[in-house]
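Q: Take 392 as the starting number for the sequence shown in our numbering and just add one per residue.
The beta-carbon is built from N, C-alpha and C at its ideal position, and this holds for glycine as well.
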Amino acid sequence: MQRYFIDQSFDEHGRAVISGDDSKHIVKVMRMTPGQQLLIVHDKVAFISTIEEILADQVIVSRQQELTQQTEMPVDVTLVCGLPKGDKLDLITQKGTELGMKRLIPLTTSRSIVKWDAKKSDKRIERLQKIAKEAAEQCHRNEIPEILPVQSVKQLITYADTFDVKLFADEEDAKSNHPHKIADRLKNVYHGQSIVVVFGSEGGLAREEAVLLEEAGFLPMSLGPRILRTETAPLYTLSAMSYEFE
Numbered sequence: 392m393q394r395y396f397i398d399q400s401f402d403e404h405g406r407a408v409i410s411g412d413d414s415k416h417i418v419k420v421m422r423m424t425p426g427q428q429l430l431i432v433h434d435k436v437a438f439i440s441t442i443e444e445i446l447a448d449q450v451i452v453s454r455q456q457e458l459t460q461q462t463e464m465p466v467d468v469t470l471v472c473g474l475p476k477g478d479k480l481d482l483i484t485q486k487g488t489e490l491g492m493k494r495l496i497p498l499t500t501s502r503s504i505v506k507w508d509a510k511k512s513d514k515r516i517e518r519l520q521k522i523a524k525e526a527a528e529q530c531h532r533n534e535i536p537e538i539l540p541v542q543s544v545k546q547l548i549t550y551a552d553t554f555d556v557k558l559f560a561d562e563e564d565a566k567s568n569h570p571h572k573i574a575d576r577l578k579n580v581y582h583g584q585s586i587v588v589v590f591g592s593e594g595g596l597a598r599e600e601a602v603l604l605e606e607a608g609f610l611p612m613s614l615g616p617r618i619l620r621t622e623t624a625p626l627y628t629l630s631a632m633s634y635e636f637e
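1) Tell me the DSSP secondary structure of residue 590 in three-state form.
2) Fully enclosed by the segment 576-634, which beta strand (DSSP E) runs are 3 residues long or longer?
3) Would you say the segment 621-629 touches the segment 576-596, given that touching needs at least three Cβ pairs under 8 Å?
4) Thinking C-alpha only, which one of 504, 633, 557 and 469 is nearest residue 536?
5) As an exercise, report each continuous alpha helix (DSSP H) stretch of at least 4 residues that is fully enclosed by the segment 521-581, in chain order.
6) Just how far apart, CA to CA, sit residue 416 and residue 551?
7) Given a threshold of 16 other Cβ atoms within 10 Å of its Cβ, counted over all protein chains shown, does residue 524 qualify as buried or as exposed?
8) Could you please give me the residues that DSSP links to residue 474 through a beta bridge?
9) Please go through the same chain and pick out, in chain order, the residues whose beta-carbon is closer than 6 Å to the beta-carbon of residue 503, but skip the five residues on each side of it.
10) Are at least three pairs of beta-carbons, each pair with one atom in the segment 471-490 and one in the segment 517-534, less than 8 Å apart?
11) In terms of residue numbering, what span does the beta strand (DSSP E) encompassing residue 458 cover?
12) Could you work out which residue in 577, 446, 448 and 563 is closest to residue 616 when comparing CA atoms only?
13) Would residue 638 be called buried (16 or more neighbouring beta carbons within 10 Å of its own) or exposed?
14) Quick one: using the 10 Å Cβ neighbour count with 16 as the cut-off for buried, is residue 392 buried or exposed?
15) In whole angstroms, what is the alpha-carbon distance linking residue 434 and residue 566?
16) Going by Cα to Cα distance, which pick from 492, 451, 497 and 424 is closest to residue 466?
17) Mind reading off the beta-carbon distance from residue 418 to residue 439? Whole number of angstroms is fine, and I expect it under 8 Å.
18) For residue 646, list the residues DSSP reports as bridge partners.
19) Between which two residues does the alpha helix (DSSP H) containing residue 442 stretch?
20) Can you tell me which of 437, 441 and 452 puts its alpha carbon nearest to the alpha carbon of residue 460?
21) List the endpoints of the continuous beta strand (DSSP E) containing residue 393.
22) Would you please state the rounded distance, in angstroms, between the beta carbons of residue 610 and residue 571? I believe it to be under 8 Å.
23) Relative to the alpha-carbon of residue 554, which residue among 608, 394, 626 and 534 has its alpha-carbon at the smallest distance?
24) Between the Cα of residue 456 and those of 636, 449, 425 and 406, spot the shortest distance and give me the residue it belongs to.
25) Measuring only the C-alpha atoms, how far is residue 441 from residue 527?
Rendered as structure tokens:
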């Protein structure tokens, strides 16, 4: 059953209005008609709903039944990814949404080849947010991950101050005689806690950036003996967390 997110609540009669691109998708792509059912998500709750009326640029739906199935990761996971080349961040956003991330923060690092100016940044964030929305609909989540503006390492340290668990993928830690395995880092994490995990761009994090993160309470973490690509590491980490907590 097709799923759509709405911002406004259902009215006193249990009706809601779908407009914009979602309205066009219902009518022109899905070719749905009055009487057919679809899933509507509002405020992290999904409802089986029925199409009541199709107008020129709106679709009127009525709420029928609330779904109680929980589809969100039981821990709040924020991915922080060094700006990669090409469309790798698109892939991380799409697959990260499927795997349960709560939010994504693009990160400017000393080894980031890609640089976003203010104009490009706004457009890219808007694009990534759209990808997250479409992925959340496809994989039947009750929440769309938030895509935050680009941050520097110092900005991230300030932002992440309130997280319960702060980690960063560290290639040097993986090479050491006593690497801190991801399974060990997750042993003392409990349902309901917030986790932020930092990944470098191509080439990883510079040592001075790793030192800054450690001084701010971030713990180094090994993702195994093989070097993972910048787009693979976040998805590997989310998969490990899903195995651990779900």
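A: Per the coordinate set shown:
1) Here residue 590 sits in strand by DSSP.
2) Annotation: the segment 576-634 contains the following complete segments of the beta strand (DSSP E) (minimum length 3 residues), in chain order: 585-590 and 610-612.
3) In the pairwise beta carbon analysis, the segment 621-629 is classified as touching the segment 576-596: at least three pairs are separated by under 8 Å.
4) Nearest neighbour of residue 536 by Cα position, chosen from 504, 633, 557 and 469, turns out to be 469.
5) When DSSP assignments are scanned along the segment 521-581, the uninterrupted stretches of alpha helix (DSSP H) that are 4 or more residues long and fall wholly within it turn out to be 544-550, 562-566 and 573-577.
6) Cα-Cα distance, rounded: 37 Å.
7) Residue 524 should be labelled buried.
8) BP columns for residue 474 are empty, so no partner.
9) Once the five neighbours on either side are set aside, the close Cβ partners of residue 503 are 473, 474 and 592.
10) Note that the segment 471-490 touches the segment 517-534; at least 3 beta-carbon pairs, one per stretch, sit closer than 8 Å.
11) Segment 449-458, the beta strand (DSSP E) holding residue 458.
12) The shortest C-alpha to C-alpha distance from residue 616 to any of 577, 446, 448 and 563 is the one to 563.
13) Nothing in the structure corresponds to residue 638, since the chain is present only between 392 and 637.
14) Looking at its Cβ environment, which holds fewer than 16 other Cβ atoms inside 10 Å, residue 392 is exposed.
15) Cα-Cα distance, rounded: 44 Å.
16) If you compare the alpha carbons of 492, 451, 497 and 424 with that of residue 466, the shortest gap goes to 492.
17) Not quite, the Cβ-Cβ distance comes to about 19 Å (not below 8 Å), so this is no contact.
18) Only positions 392 to 637 of the chain appear in this structure, which leaves residue 646 out of reach.
19) Note, residue 442: premise wrong, no alpha helix (DSSP H); beta strand (DSSP E) at 436-445.
20) If we check each option's Cα against that of residue 460, 437 comes out closest.
21) Element bounds for residue 393: n/a, residue is neither H nor E.
22) Confirmed, about 7 Å.
23) Selected option, being the one with the closest Cα: 608.
24) Among 636, 449, 425 and 406, the Cα nearest to that of residue 456 belongs to 406.
25) Residue 441 and residue 527 have their C-alpha atoms spaced approximately 20 Å apart.
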